[in-house]
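Notes for the one structure printed next.
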Amino acid sequence: MRIPMVILLPTPAILFHIKFVITNTGTTTLSNLQVSDLGTTVTGTAIAQLEPGASDSTTFTGTYILTQDDIDAGRYQNSATVSADSPSDAVIQDISDDPDNNADVDTEADGEPDDPTITLLLEDSSIAVIKTSVFDDAGSGDTDDDGNGTAQVGETITYSFRVTNTGSTTLTNITLEDVLLEGANGTLSGGPIASLSPGAFDDTTFTGSYTITQDDIDRGFVRNQAVVSGETPDGNTVSDDSDDDSNVGDDPTDTDLDRTAASR
Numbered sequence: 001m002r003i004p005m006v007i008l009l010p011t012p013a014i015l016f017h018i019k020f021v022i023t024n025t026g027t028t029t030l031s032n033l034q035v036s037d038l039g040t041t042v043t044g045t046a047i048a049q050l051e052p053g054a055s056d057s058t059t060f061t062g063t064y065i066l067t068q069d070d071i072d073a074g075r076y077q078n079s080a081t082v083s084a085d086s087p088s089d090a091v092i093q094d095i096s097d098d099p100d101n102n103a104d105v106d107t108e109a110d111g112e113p114d115d116p117t118i119t120l121l122l123e124d125s126s127i128a129v130i131k132t133s134v135f136d137d138a139g140s141g142d143t144d145d146d147g148n149g150t151a152q153v154g155e156t157i158t159y160s161f162r163v164t165n166t167g168s169t170t171l172t173n174i175t176l177e178d179v180l181l182e183g184a185n186g187t188l189s190g191g192p193i194a195s196l197s198p199g200a201f202d203d204t205t206f207t208g209s210y211t212i213t214q215d216d217i218d219r220g221f222v223r224n225q226a227v228v229s230g231e232t233p234d235g236n237t238v239s240d241d242s243d244d245d246s247n248v249g250d251d252p253t254d255t256d257l258d259r260t261a262a263s264r
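Each residue of the sequence shown is one higher than the one before, counting from 1 in UniProt numbering.
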């Protein structure tokens, strides 16, 4: 008895539709044939009888909801089991085989292959960071911030970062680099972010500040950009240059020095 298992294209993307093809490979008629598949919802009633050499591809179907672990692993793998009663009332079983897998591993040692059915999943890993700034000239109590609306040497700019997992896989060990804030006049604190699920964001871990210089004042603004990086489940790295207001763009963050709370 053989049960190839074929996973059809997912519709919608998180739901797999599974097809079971059961074949009587013996010389006697089998009865009460049933399929079980751990983690899969199997529909269909027991096949009353199956003659030698006959196949059934319509009675049993299955559905499986894709999990985040499956996506992170880049594949979905499983096996089903078919059972039947022989004419002598003995119960016989067989583990499913993938007809497209030529390895033909025989785990049951019954002369029939038992390769698990494997569906590769396309990994779509990406990350984004938005960097915003506030010119601290609002009289907050710092000795350098006099609140007069005009930049002076020694006053500060505060930076905030919103990191978003824009892909479909879980990202780990997320770090942030910022040349300006890691220089002599800046500070960058926080991180790394241990893990970020698809669609999730973090806007509290990373913070930074920068002390204004005379060159900045003469220029009239401070411009800079950060880079965020994260590790994918398969060990690769994805990164993104910061944007000032969107996950899509990569515009640097400009902070005007002639008015409060100015970021462009």
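Heads up, the beta-carbon is just placed ideally off N, CA and C, and yes, glycines get one too. The structure displayed is predicted, hence computed values, not measured ones.
Kindly indicate which three-state DSSP category residue i falls into: helix, strand or coil?
i             : result
aspartate 114 : coil
isoleucine 92 : strand
residue 270   : Nothing about residue 270 can be reported from this structure: the residues present for the chain run from 1 to 264 only.
isoleucine 14 : coil
alanine 128   : strand
alanine 46    : coil
aspartate 234 : coil
glutamine 225 : coil
When burial is assigned at 16 or more other CB atoms within 10 Å of the CB, is residue i buried or exposed?
i             : result
aspartate 216 : buried
glycine 62    : buried
glycine 220   : exposed
glycine 167   : buried
valine 35     : buried
Considering Cα atoms alone, identify which of the options is closest to residue i.
i             : options                        : result
glycine 26    : Phe20, Thr204, Pro52           : Pro52
aspartate 258 : Asp234, Val228, Gly199, Glu155 : Glu155
glycine 230   : Ser197, Asp69, Tyr64, Asp89    : Ser197
threonine 29  : Asp85, Gln214, Ile71           : Asp85
threonine 205 : Gly235, Asp97, Ile95, Ile174   : Ile174
threonine 237 : Ile127, Tyr64, Leu15           : Ile127
Please return the same chain residues whose Cβ sits closer than 6 Å to the Cβ of residue i, not counting the five positions on each side in sequence.
i              : result
threonine 158  : Val134, Asp136, Ser209
isoleucine 130 : Arg162, Asp243
tyrosine 76    : Asp70, Thr119
isoleucine 47  : Leu33, Asp56, Thr59
Going by beta carbon distance, what residues of the same chain come within less than 7 Å of residue i, once the five residues before and after it are set aside?
i             : result
aspartate 251 : Asp243, Asp244
alanine 262   : Confidence at alanine 262 is low in this model, with a pLDDT of 40, below 50, so its placement is unreliable and the value that follows should be read with caution. Excluding residues within five positions, the ones whose Cβ falls inside 7 Å are Phe135, Thr255, Asp256.
glycine 190   : Thr205, Phe206, Thr207
Check whether the Cβ of residue i sits closer than 7 Å to any heavy atom of the ligand MN, and report yes or no.
i                : result
phenylalanine 20 : In the structure on display, the ligand MN does not appear, and there are no ligands present to speak of.
Minimum length 3: unbroken beta strand (DSSP E) runs contained in the segment 31-85: 41-43, 47-50, 61-65, 75-78, 81-85
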